[in-house]
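**Student:** Numbers 5 to 234, taken from my numbering, label the letters of the sequence shown in order.
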Amino acid sequence: MKPWWQVVVPHRDIKEGKFDESIFAADLGDVVNMRAPSDYLDPEIFFKKTYFTAKLKMLLKDILLRITGKESKGSVVQLTTPFGGGKTHSLLCLYHLFKNKEKIRNLPLIKGLLKECGLSEVPEAKVCVFVGIQQDVLKGRSPWSEIFYQLGVYEEYKEYDRKYSPGKEALLKLFQEKGPVLILMDEIVEYALRASIESEEFKEAFTSFFHQLTVTVPSTKNSSLVVALP
């Protein structure tokens with residue numbers, strides 16, 4: 005039997021003993037805010053260092069097909085694994101796939117995924133990101149206001165800012181006008197716990213919004229919601 009290092013060749017930083025374990029935990033918010041290590045921030049490095057399991061490839065294909073309007077099963081996706089199971093990593097794959105598609109379009113993996121989906125290129129989509137641990141429950145924008153802000157329509161919807169969450173019709177109209185929209189949500193349970201402490205009114209508004217979001221996105225033709233849950 006061959007030694008494992010001959011079967012799976014480690015990256016150079018591991019072979020040279022230079023691997024920094026402090027960057028092991030990925031942070032989607034840090035990538036969005038351009039303060040993450042290059043391993044996560046640079047889409048080409050990130051994809052080259054990622055091991056794409058069958059499930060991860062299936063997730064990417066499902067969302068690609070959903071955004072093009074070819075499939076419905078990728079409308080709402082819950083990523084549920086224990087800590088360290090790859091939920092945030094999966095969200096980062098989707099983020100880079102759609103946000104930085106020009107930088108990774110020539111990677112063999114991307115070409116292969118597109119070919120399997122019958123696509124010539126990654127479709128256009130507006131990417132909205134909400135990371136619960138990075139949001140200030142007391143003074144920051146609510147999850148729905150953050151989505152409005154990232155879609156460039158905050159002023160039109162600011163009456164919903166904190167006390168009231170938008171209903172299905174308002175959200176559906178927004179996604180139809182701005183779509184395709186890909187919404188990536190991480191650490192949402194952590195945010196919900198802090199929201200319940202802030203006020204009962206805000207807790208109810210948050211719960212209502214999350215419900216409305218999960219029932220609205222499937223009603224769109226080509227938008228998708230991907231949520232990481234514990």
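Backbone N, C-alpha and C define an ideal beta-carbon position, used for all residues, glycine too.
Tell me the residue span of the alpha helix (DSSP H) that contains Ala196.
**Tutor:** 192-202
**Student:** Taking the C-alpha atoms as reference points, what is the distance between Phe102 and Glu191?
**Tutor:** 21 Å
**Student:** Relative to the alpha-carbon of Tyr168, which residue among Ser228, Thr211, Tyr44 has its alpha-carbon at the smallest distance?
**Tutor:** Of Ser228, Thr211, Tyr44, the residue nearest in Cα terms is Thr211.
**Student:** In or out: Trp272 buried (at least 16 other Cβ within 10 Å) or exposed?
**Tutor:** Any property of residue 272 remains undetermined from this structure, which presents the chain solely from 5 to 234.
**Student:** Could you spell out the range, first to last residue, of the beta strand (DSSP E) harbouring Ala174?
**Tutor:** Unbroken run through Ala174 is the alpha helix (DSSP H), 172-182; no beta strand (DSSP E).
**Student:** For Tyr164, which of Glu173, Phe179, Ser146, Leu176 has the nearest alpha-carbon?
**Tutor:** Ser146
**Student:** Which first and last residues belong to the alpha helix (DSSP H) in which Thr72 is found?
**Tutor:** Counting along the chain, Thr72 falls outside any alpha helix (DSSP H), and DSSP gives it neither H nor E.
**Student:** Among Phe213, Asp31, Glu159, Arg70, which one has its Cα closest to the Cα of Pro127?
**Tutor:** Arg70
**Student:** Taking the straight line between their C-alpha atoms, what separation do you get for Gly33 and Met5?
**Tutor:** The alpha-carbon atoms of Gly33 and Met5 are separated by roughly 43 Å.
**Student:** Could you tell me which residues DSSP puts in a beta bridge with Lys130?
**Tutor:** Val185
**Student:** Report back the beta-carbon spacing between Gly90 and Ser228 to the nearest angstrom; my notes put them in contact at under 8 Å.
**Tutor:** About 19 Å separates the two Cβ atoms, so there is no contact after all.
**Student:** Do Val80 and Cys132 come within 8 Å of each other at the CB atom, strictly closer than that value?
**Tutor:** Not in contact: Cys132 and Val80 (Cβ atoms no closer than 8 Å).
**Student:** Hey, which unbroken runs of the alpha helix (DSSP H) at 4 residues or more fall wholly within the region 102-160?
**Tutor:** Taking only runs of at least 4 residues, the alpha helix (DSSP H) segments lying wholly in the region 102-160 are 105-108, 112-121, 147-154.
**Student:** How would you write the range of the beta strand (DSSP E) that Val230 sits in, first residue to last?
**Tutor:** 228-233
**Student:** Assuming Phe50 contacts Leu96 under a Cβ cut-off of 8 Å, what Cβ separation, rounded to an integer in Å, is found between them?
**Tutor:** 7 Å
**Student:** Tyr161 and Pro170: beta carbons closer than 8 Å?
**Tutor:** yes
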